[in-house]
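Inspection log for the structure reproduced underneath, given as structure tokens.
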Amino acid sequence: MTHGTLWKGAASILIDFSAWTSTHGIPHIGLANARWLRIFWIIIFVFCCIMFIYQEALILIKYFSYPVNVDTALSFGERVYPAVTICNINAYKLSLAKNNPALGKLIAAYNKETPDADFGFDTTTFEKQLRATRWMNLMFSELEEYDKTNKIAYTYDDLVITCTYNTEACNETEWIASSDPYYGRCFTYNSDGGKKSSRAGPLYGLSLVLRVNQAEYLPWAQSAGITFLVHEPTDHPFVYTSGYYAAAGSASSVGIRYISKKKLSAPYSDCTDHGSKQKIYYETNRYQTEACVRSCLQDKFTATCGCFDPTYEYVNGSAEFESCYKGTKDETSKNILCMEKITDTDGINGFDINKDCDCPQSCTDCLYKMTLSTAYWPAIKYTPTECVNPVPGHIYWTPKDDKKACKEWYKSNTVYLEIYYERMNYQALTESEAYAFLALVSDTGGQVGLWLGMSVISVIEFGTLFVLLLCYCLTRPKEAYLPQFDESEEQKQREWERKMQIKLQNENNRKLSAGSLASIYNGKDVDLPPAIQNAR
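Going by the working numbering, the first residue of the sequence shown is number 113, and it counts up by one from there.
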């Protein structure tokens, strides 16, 4: 088969396809009886193809952006009461902290009128306060061990004056104490999630009168009061990161509403409920982004500074790295500067938590939306119970039997805090795919039907055409072009008429030829001229 014959056979298959395909436009191209008409339909078909490609591109861009809808459901009923963690803003009691060798030196250096270069203090009060707090945080491991025998951190009795939940008194056994590098010791109520609440309002929540005792505050403590965090019982309380303040001399009323969120995982978002590649050093019952971030920072400290930060969790018993708090001030100051380059970076020229830490958000999260209101505490006419019946060992006002002195002390050294459900209905936010695969197929079908008039049958027809062309190119039959099969009916009719005309002409020619021969050999049919006379 010659190259020209091959292409002629392929063209005949395409022309034949145009006669039986259901796709609009193609039959007009294949069956056009004039060149200008065929060009016209080609232009129309190409334009429709371009428009379809454009619209389909928009559809695909929308689909692969993975949009989501947020479905909101409101429910009403009994709820588990959240865990509540409280801490005194001041980490350690000044009167006992002075006796600790390391912390005592830090307090003395901070109180000097001239800056102490050994601790990195300068003349700026704010920078001085930050550096003193950083030094105290680095001493956490040593101070935690020292507190076991010297009680420099606040105890439950130091902090809590009265406690009631759901109109019933609560006691120390219902609270779980935990050490905190920023606040010394904190206390968590309902850590096991056993408390439930079926009614809204302050009367059916947790009510506390707390003692802060500003006389025992460290000199770099800027605020007076307590810090608290409302969280899920299964969560690790990151009070320093997510907590709220309740000021001394005020009554803080906190109404909470429960909200659950459930996001779609990949490819709709990068959230996870199964942890990340980052090793987590915190003991948590579920994945928490903050625990992951702090573990990532700890790894960065050890890799860059060659020591671990006691403020963050680390692997106990590991001899590979030592604490960044050293015995000498020079080494510790050097480590502080190294860590500050990591934690204080803007993420542009240095370490970027969002990019350098593999810590995605959790897909499932439980939040407590809070509404906070405050009032003056205690009221002028109100006499606190402790002013009537003082607790031995916790009388900090003078004279000790003076109710007026007690009330004045209360104004600056106590906090009233109540935390309750403001409504028993709760909100569940659930993400769902906004543009599913079936919607993609439907929109694609609509566009291809609008611009090209195609359907599933048309797709099958194109598949059949592809198979025919493939088989034709592979087999290359000898009779690649058969007019009786490859030409259209109109072409066949014209060819038949042409052949009949040729046949008729041939017959006429044969008749004429036969008549001429007969006249030559049959004298009767034609008069002969007279015989030639002999000339004389």
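Glycine included, each C-beta is placed from N, C-alpha and C at the ideal position.
Asked: Would the segment 400 to 409 count as touching the segment 478 to 496 if we require 3 or more Cβ pairs under 8 angstroms?; Found: no
Asked: In chain order, what residues of the same chain have a beta carbon less than 7 angstroms from the beta carbon of Leu581, not counting five sequence neighbours either side?; Found: Ala122, Ile125
Asked: Starting from Ala415 and walking both ways along the beta strand (DSSP E), at which residues does that stretch end?; Found: Unbroken run through Ala415 is the alpha helix (DSSP H), 401 to 417; no beta strand (DSSP E).
Asked: Locate the beta strand (DSSP E) running through Ala287, then write down its first and last residues.; Found: Rather than Ala, the amino acid found at residue 287 in this sequence is Trp. Its beta strand (DSSP E) spans residues 287 to 292.
Asked: Taking the alpha-carbon of Lys412 as reference, which of Cys383, Ser524, Ala363, Asn447 has the nearest alpha-carbon?; Found: Asn447
Asked: From the DSSP secondary-structure annotation, give me the bridge partner or partners of Gln539.; Found: Leu186, Ile371
Asked: Using only the alpha-carbon positions, how far apart do Asn278 and Thr416 sit?; Found: 51 angstroms
Asked: Should Ala209 and Tyr533 be called a contact, given that it needs their Cβ atoms to be closer than 9 angstroms?; Found: no
Asked: Among all the DSSP beta bridges, which residues are the ones paired with Arg297?; Found: Ser291
Asked: Any idea what DSSP makes of Ala122, helix, strand or coil?; Found: helix
Asked: Helix or strand or just coil, what does DSSP make of Gly505?; Found: coil
Asked: Enumerate in chain order the residues of its own chain whose CB-to-CB distance from Thr184 is below 7 angstroms, with the five nearest sequence positions on each side excluded.; Found: Gln539, Leu541
Asked: Taking DSSP as the reference, what is the three-state secondary structure of Ala203?; Found: coil
Asked: DSSP on Asn397, reduced to helix/strand/coil?; Found: coil
Asked: Mapping DSSP to helix, strand and coil, what is Ile264?; Found: coil
Asked: Looking only at its own chain, which residues have a Cβ that is under 6 angstroms from the Cβ of Leu479, when we skip the five neighbours before and after it?; Found: Ile371
Asked: At what residue ranges does the segment 294 to 338 contain a whole run of the beta strand (DSSP E), taking only runs of 3 or more?; Found: 296 to 301, 318 to 323
Asked: Using the Cβ count rule (16 or more neighbours within 10 Å means buried), how would you classify Pro496?; Found: buried
Asked: Assign Asn200 to one of two classes, buried (16 or more other C-beta atoms within 10 Å of its C-beta) or exposed (fewer than that).; Found: buried
Asked: Quickly, what does DSSP pair His136 with across the bridge? List them, please.; Found: DSSP lists no partner for His136.
Asked: Give the C-beta separation of Leu218 and Ala244 to the nearest angstrom, bearing in mind that I take them to be a contact with Cβ-Cβ under 8 angstroms.; Found: 6 angstroms
Asked: Here's the rule I'm using: 16 or more other beta-carbon atoms within 10 Å means buried, otherwise exposed. How should Ser474 be labelled?; Found: buried
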